[in-house]
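**Q** I have a structure here, written as C-alpha cells, and I will follow up with some questions on it.
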Amino acid sequence: MALDIVMPQMGESITEATILKWHRKVGETIGKDETLYEISTDKVDAEIPAPVGGTLLEILVQENATVPVGTVVGRIGGEEEKPAVASPGKPAGAPAPPEPAPAPAAQAVPDQAPPAPGTLPDEESLEGRLRTKSSPLVRRMAQDQGVDLTAVRGTGLMGRVTKEDMEAYLASRAPATPQAQAPAQAIAPAAPPRPAVPAAPAGQVRVEPMSRMRKIISGNMIASKHTSAHVYTVFEMDMSNVSRLRARHRQAFEQAYGTKLSFLPFTLMAAARALRAFPVVNASVSGDAIIYKLDINIGVAVALDWGLIVPVVKQADQLNLAGLARAVNDLAARARSKQLKPEEIQDGTFTITNPGSFGETFGLPVINQPQVAIMGMGAVKKRPVVITDAAGQDALAIRETMFSGLSFDHRIIDGAVADQFMALIQKDLESSTFGLE
C-alpha cells in the first residue's frame, strides 16, 4: 500500500516550505532514512529522509514549488510496487503542475484596494489566522512599513499574504508623481507610477534568480539597516596568550574531547563572560522598551556554498572551553550538511562572525535582528607591536594579534559601553587560562 509523503512541520512558526531537490526519480528505490528530498523554509534548509524503504511511486510537488506544511508531496510504496500507468498526455509519476505563481510586483495592479467593510475574515477563523500568520519576513515587512496585513489581498493559501503580495502592495501605494498630484479640476489624473524597471545590462551577462535563502538574507539585512542605528568600534587584541595555550594543549585537548580547538571557542568564552557583565549588549528593543535577555545564546555565522546561516550555541556562559568547542564544531558541520533543526537557529541573543578564517583583517558586520550587537573576528596574524617593560622602556616585538570589530545599536548601547565590553573581551583573551592550566 502506498504511503503519503507529507511536507513536515519544521518548527512551530513555519507554515510552508519549498522543495529544492528530489533525490530520487519516480520508480527508483530508496532505503529508510536515506535523503529523499531537500526543502527550504524561512528558517533553515533541511534534508528530509524517507519514512520507509521502498519505491518512489509519485512526485506530486515539483522542485522550487512552495506548499503549506501537511501537503502530500509524493507517495512511496513497497520495493515490488511499480508507478501507476500514465494517463493520456501525462507520464507516470509526473509532477503535478504548480499553482499559478502570483504576479511579480512590477505587474501588480496599481492602487490595490483593501477588502470592503465587513468582508475581512474573523481573525479567530482559519482564514483569518492564515492571513495574519504569514512568514516572519512578511510580518517584519508589514511592521516596518506600518501595514495592516488584513488590508492586503493575499494570493497564498486561503488568502495568506506572501512576500510578493507585500511587495506589490507597497509598490502600489508608492508616492504619486507631481503629475498625479494635479488639481482636482484637471481633465484626468495621472496614473500612479509603476516600480522602476532596471535598465538592460550591457555586454555579456548571466542572469539567474536569487535562491530562497539569498532572498531571506537580502530582506533581513535591509531590514536590519533600516531598524538599528549601526555604530562601529574596532579593537586590536593580542592573541599571543591564546596561541600559546592552543600550541601547548591542542593535541591533548583534541584527543580527550574528539574535536578541534580553534581560536573561536576562546572568543566565545570571553564574549559570554562580557555579556554577563554588560547585559545591555545581550538585549533587544521593543518600541520604547529594552528587553534584557537572561539567557546568553551566542549565534555563530557559518558560511555555506549557497548562503549564510547562524546556528546558536545555547546557554554559552554555562559551557566550558571543551563544551563550546564541541557545540560550535557540531553546529557548523551540521549546517553544511543541512542537518540543523529550526530551533538550533533561533533565540540567539548575540552573534559572532569569523571572516578572519578567510584572511580578512577586520569587518563591520550587519546586526542580526532583533539583537543589538555583532562581533567580527579578523585574521590572527603576526604583527610588529610596541611593548613596554617593567622599567618603562619601549621595544618592538612580534605578537600574534587580531583586529576585532563590534557593530552595535546606538539606540540603547552607548560608545563607552561598547568599548568597555570589548576591552573586557580583550583582557580575557590576553590573560586568561580558560581552564586549561
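In the numbering used here, the protein residues as written are 1294 to 1730.
Built from N, CA and C at the ideal position, the CB exists for glycine as well.
Note that the coordinates shown come from a computational prediction; the quantities given were computed from them, not determined experimentally.
1. Could you tell me the alpha carbon to alpha carbon distance between P1301 and E1356, rounded to whole angstroms?
2. Return the first residue and the last residue of the beta strand (DSSP E) that H1523 is part of.
3. Ordered along the chain, which non-local residues of its own chain (more than five positions away) have a Cβ less than 6 Å from that of T1646?
4. Rounding to the nearest angstrom, what Cα-Cα distance links N1661 and E1374 in this structure?
5. Check whether the stretch 1539 to 1550 and the stretch 1684 to 1697 are in contact - that is, three or more C-beta pairs closer than 8 Å.
6. In the DSSP assignment, find the unbroken beta strand (DSSP E) run with M1459 in it and report its ends.
7. How many angstroms separate the CA atom of P1361 from the CA atom of L1722?
8. Based on the DSSP secondary-structure assignment, which residues constitute the bridge partners of G1669?
9. Are the stretch 1624 to 1634 and the stretch 1536 to 1546 touching, with three or more C-beta to C-beta distances below 8 Å?
10. Roughly how far, in whole angstroms, is the beta-carbon of R1569 from the beta-carbon of I1589, given that I think they are within contact range, below 8 Å?
11. So, under 8 Å CB-CB, E1693 and K1674 are touching, yes? Tell me the CB distance rounded to an integer number of Å.
12. Specify, as a first and last residue, the run of the beta strand (DSSP E) that A1576 falls within.
13. Excluding sequence positions up to five away, which residues of its chain have a Cβ less than 7 Å from the Cβ of D1297?
14. List the whole-angstrom C-beta distance separating I1510 from L1601, where the pair is believed to meet the contact cut-off of C-beta under 8 Å.
15. So G1698 and F1655 are supposed to be a Cβ contact under 8 Å. How far apart are they, rounded?
16. Give me the Cα-Cα distance between G1363 and E1637, rounded to the nearest whole angstrom.
17. So does the stretch 1707 to 1715 actually touch the stretch 1569 to 1580, counting three or more Cβ pairs closer than 8 Å?
18. Note down the Cα distance separating R1433 from T1311, rounded to an integer number of angstroms.
19. Among the residues of its own chain, which have a CB less than 6 Å from the CB of N1534, if the five just before and after it don't count?
20. Apart from the five residues just before and just after R1676, which ones in its own chain have a Cβ nearer than 6 Å to its Cβ?
21. Which same chain residues end up closer than 6 Å to F1528 when comparing Cβ atoms and leaving out the 5 residues on each side of it in sequence?
22. Can V1524 and I1706 be called in contact, C-beta distance under 9 Å?
23. Between the Cα of G1671 and those of G1324, G1649 and L1717, spot the shortest distance and give me the residue it belongs to.
24. Going by DSSP in three states, S1333 sits in which element: helix, strand or coil?
25. Which stretch, first to last residue, makes up the alpha helix (DSSP H) that contains R1627?
26. Alpha carbons only, please: which of G1512, T1560 and E1340 is nearest the one belonging to T1726?
27. What are the start and end residues of the alpha helix (DSSP H) that includes R1731?
28. Identify every residue that forms a DSSP beta bridge with D1297.
**A** The relevant details are as follows:
1. 16 Å
2. H1523 to D1531
3. A1594, P1658 and G1669
4. 49 Å
5. no
6. Here M1459 belongs to no beta strand (DSSP E); instead the alpha helix (DSSP H) covers K1456 to S1465.
7. 48 Å
8. T1646 and G1698
9. no
10. 7 Å
11. 7 Å
12. A1576 to S1579
13. V1365 and R1368
14. 6 Å
15. 5 Å
16. 22 Å
17. yes
18. 20 Å
19. E1723
20. T1694
21. S1697, M1715 and Q1719
22. yes
23. G1649
24. strand
25. L1614 to R1629
26. T1560
27. In the structure as shown, the chain begins at 1294 and stops at 1730. Residue 1731 is therefore absent and cannot be evaluated.
28. R1368
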